[in-house]
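Numbering (the working numbering), first residue to last: 914 to 1111. Every residue, glycine too, gets a C-beta built ideally from N, C-alpha and C. Notes follow once the structure below has been shown.
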């Protein structure tokens, strides 16, 4: 069930969308759990990964409750739709961009700021309050958004993106010599065309 990229206006359309989102997150979470069950849990790294999966499952419960009640604010719903749609199409860069816009907003990062004292900093932050990602102020929302990011990271590993341009060609390896690699790997496309014309 692929998610449409827009927020429906009618009540029935929103209900269908909430069911689609819930089923997508359930599917990814189930695959995540299966992958963690197959993993050995005798190392510290595997124990940490397993506990992160369990924590993600727990942190997503409030989001699933909102899906069941058909009660999610449009300010959260539209970016979540964007994230899920991009992830379903295996466009993980776009999905991560959507997550960053949702979590930190579009506020400019202060580089080379002259006012660095504690009093000046609080005044400066109040100036840009409308531009920051307001959703991260709520602890429950922050937790389920971080869990969405974990699921997104898992989905990227589980279902890697397919590049249609390189579907028929094996990816170059770094084990052989430079002469074994295709020119497109070594040089930009414009330089490859220039070299072929000589």
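Three Cβ pairs or more, each shorter than 8 Å: is that satisfied between the region 952-967 and the region 995-1010? No, the region 952-967 does not touch the region 995-1010.
Measuring CB to CB, does residue 1062 end up less than 8 Å from residue 983? no
Simplified DSSP assignment, three categories, for residue 918: coil
Among 1056, 1074, 1067, 948, which one has its Cα closest to the Cα of residue 975? Nearest Cα to residue 975 within the set 1056, 1074, 1067, 948: 1056.
If the criterion is Cβ atoms closer than 8 Å, does the pair residue 1015 and residue 973 meet it? Contact flag unset, no.
What residues in its chain sit with their C-beta under 7 Å from that of residue 1000, if we drop five residues either side in the sequence? 1008, 1065, 1068
In terms of alpha-carbon separation, which member of 915, 962, 997 lies closest to residue 1058? 997
What is the rounded straight-line gap between the Cα of residue 995 and the Cα of residue 919? 8 Å
Residue closest to residue 986, alpha-carbon to alpha-carbon, out of 1003, 927, 960: 927
As a quick exercise: from 947, 945, 916, 922, pick the residue whose alpha carbon is nearest that of residue 932. 916
Closest residue to residue 988 among 937, 923, 938, 1054 (Cα-Cα distance): 1054
Have a look at residue 956 and residue 1075 and give me their C-alpha separation to the nearest angstrom. 32 Å
Just to check my reading of the structure: residue 977 and residue 935 have Cβ atoms closer than 8 Å, yes? What is that Cβ distance to the nearest angstrom? 6 Å
Could you tell me the boundaries of the alpha helix (DSSP H) in which residue 926 lies? 924-951
Backbone CA spacing between residue 914 and residue 937 [nearest angstrom]: 8 Å
For residue 959, is the classification buried or exposed, using 16 other Cβ atoms within 10 angstroms of its Cβ as the cut-off for buried? exposed
Restricting to Cα atoms, I'd like to know which of 930, 925, 1072 is closest to residue 1002. With distances taken between Cα atoms, residue 1002 lies closest to 1072.
Between the C-alpha atoms of residue 1084 and residue 1018, what's the straight-line distance to the nearest angstrom? With a pLDDT of 45 at residue 1084, under the threshold of 50, the modelled position of that residue is not reliable, and the figure given next carries that caveat. Looking at the two C-alpha atoms, the distance is approximately 36 Å.
Cα separation between residue 993 and residue 930? 11 Å
Give me the Cα-Cα distance between residue 991 and residue 923, rounded to the nearest whole angstrom. 15 Å
Length of the line joining the Cα atoms of residue 945 and residue 925: 30 Å
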